[in-house]
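Some notes on the structure that comes next.
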Amino acid sequence: MQVTDVRIRRIQTDGKLRAYVSITFDDSFVVHDLRIIDGRKGMFVAMPSKLLPNGNHKDIAHPINTEVREQIQTAVLKEYEATEHEEQITSEPVEAEDVELSSTELSDDSEFESTEQE
Numbered sequence: 000m001q002v003t004d005v006r007i008r009r010i011q012t013d014g015k016l017r018a019y020v021s022i023t024f025d026d027s028f029v030v031h032d033l034r035i036i037d038g039r040k041g042m043f044v045a046m047p048s049k050l051l052p053n054g055n056h057k058d059i060a061h062p063i064n065t066e067v068r069e070q071i072q073t074a075v076l077k078e079y080e081a082t083e084h085e086e087q088i089t090s091e092p093v094e095a096e097d098v099e100l101s102s103t104e105l106s107d108d109s110e111f112e113s114t115e116q117e
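Each residue of the sequence shown is one higher than the last, beginning at 0 in numbering that gives the first Met the number 0.
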């Protein structure tokens, strides 16, 4: 399984969220709402998640092995850096209250941990 397309939607916020991402696998399957987070150890990719009634976040989709997680993270961050200076990228302002990050995403070890909490 290969990442064949990465779409970056940069946002403007005072928080840690830098962009929303959609990735396509094998030109056949797309996953939306990944996020690029500027964490304490640098940029990392957070998987799409939903907010549970108890306030925790649970991943909607996530890799089940390190190899695929690293492949996704490498492809996404490479595209993010490549588009950093392109003029066609339009940033969208986002209010801080519109962006919710789980405590796992904000921790030091978040770049290789799932945000899934049960």
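Backbone N, C-alpha and C define an ideal beta-carbon position, used for all residues, glycine too.
Secondary structure at residue i, three-state DSSP: helix, strand or coil?
i	result
Leu76	helix
Arg68	helix
Ala60	coil
Ser106	Here the model assigns Ser106 a pLDDT of 47, short of 50, so the residue's position is not dependable, and the following value carries that caveat. Coil.
Should residue i go down as buried or exposed, given a rule of 16 or more other Cβ atoms within 10 Å for buried?
i	result
Ser48	buried
Glu78	buried
Met168	Limits of the chain in this structure are 0 at one end and 117 at the other, which puts residue 168 out of reach.
His56	buried
Arg39	exposed
Whole-angstrom Cβ separation of residue i and residue j, contact assumed at under 8 Å?
i	j	result
Ile35	Ala18	4 Å
Val75	Val29	At roughly 13 Å, the Cβ-Cβ gap does not stay under 8 Å, so Val75 and Val29 are not in contact.
Whose C-alpha, out of the options, is nearest the C-alpha of residue i?
i	options	result
Gln11	Asp37, Val67 and Gln70	Asp37
Thr3	Ser27, Leu16 and Asp13	Ser27
Ser21	Gly14, Asp13 and Arg6	Arg6
His31	Asn55, Met46 and Met42	Met46
Phe24	Glu83, Pro62, His84 and Glu80	Pro62
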